[in-house]
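Q: Please see the structure below; I have some questions.
Residue numbers (our numbering): 1 to 117.
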């Protein structure tokens, strides 16, 4: 059986407030749809997203702002148009083992055992 190595995060400076913002951003089906659509394209114009997702520009802008504030997407302005793309680094960080270890029972104990070995 493989042993899962757990990182000792007990000494890290953990900002639960920033994680709260990130999980709140992920807790909406439309925002998940937006992120999914951004995984399918390198960069997407807001005008195209309104058509793809069948959302008004005002509703789409609301969801994009929440995702942008959470760091999940990046915005680039070209002329009068805004283009969005997924911030893969941030998405990978939130979905990483490091974060899941915050909520895994015994994470510190397991890493203490590794240090003794």
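Cβ coordinates follow ideal geometry from the N, Cα and C atoms, glycine included.
These numbers come from a predicted model, not from an experiment.
Output needed for residue 24: all residues of its chain with C-beta closer than 8 angstroms, excluding positions within five of it in sequence on either side, in chain order.
A: Closer than 8 angstroms at the Cβ level, and outside the excluded window around residue 24, lie 66, 70.
Q: Decide if residue 95 is buried, meaning its Cβ has at least 16 other Cβ atoms within 10 Å, or exposed.
A: By the 10 Å Cβ count, residue 95 comes out exposed.
Q: What does the Cβ neighbour count give for residue 84, buried or exposed, with the cut at 16 atoms within 10 Å?
A: Residue 84 is buried by the Cβ-count criterion.
Q: For residue 36, count neighbouring C-beta atoms within 10 Å of its own C-beta (all shown protein chains included) and say buried if the count is 16 or more, exposed if not.
A: It counts as exposed.
Q: At which residues does the alpha helix (DSSP H) containing residue 58 begin and terminate?
A: Looking at the DSSP string, the run of the alpha helix (DSSP H) that includes residue 58 is 57-70.
Q: Mapping the DSSP letters down to three states, classify residue 96 as helix, strand or coil.
A: Three-state result, residue 96: coil.
Q: Could you spell out the range, first to last residue, of the beta strand (DSSP E) harbouring residue 186?
A: Only positions 1 to 117 of the chain appear in the structure, and residue 186 is not among them; the question remains open.
Q: Quick one: what's got a C-beta closer than 6 angstroms to residue 57's C-beta in the same chain, skipping five residues either side?
A: Correct list, in chain order: 50.
Q: Could you check where the beta strand (DSSP E) with residue 82 kicks off and where it finishes?
A: It spans 81-86 - the beta strand (DSSP E) in which residue 82 sits, taken as one unbroken run.
Q: What number of angstroms, rounded off, separates the C-alpha of residue 77 from the C-alpha of residue 87?
A: Near 16 angstroms, if we compare the C-alpha coordinates of residue 87 and residue 77.
Q: Going by DSSP, what residues sit across from residue 47 in a beta bridge?
A: Residue 47 is not bridged to any residue.
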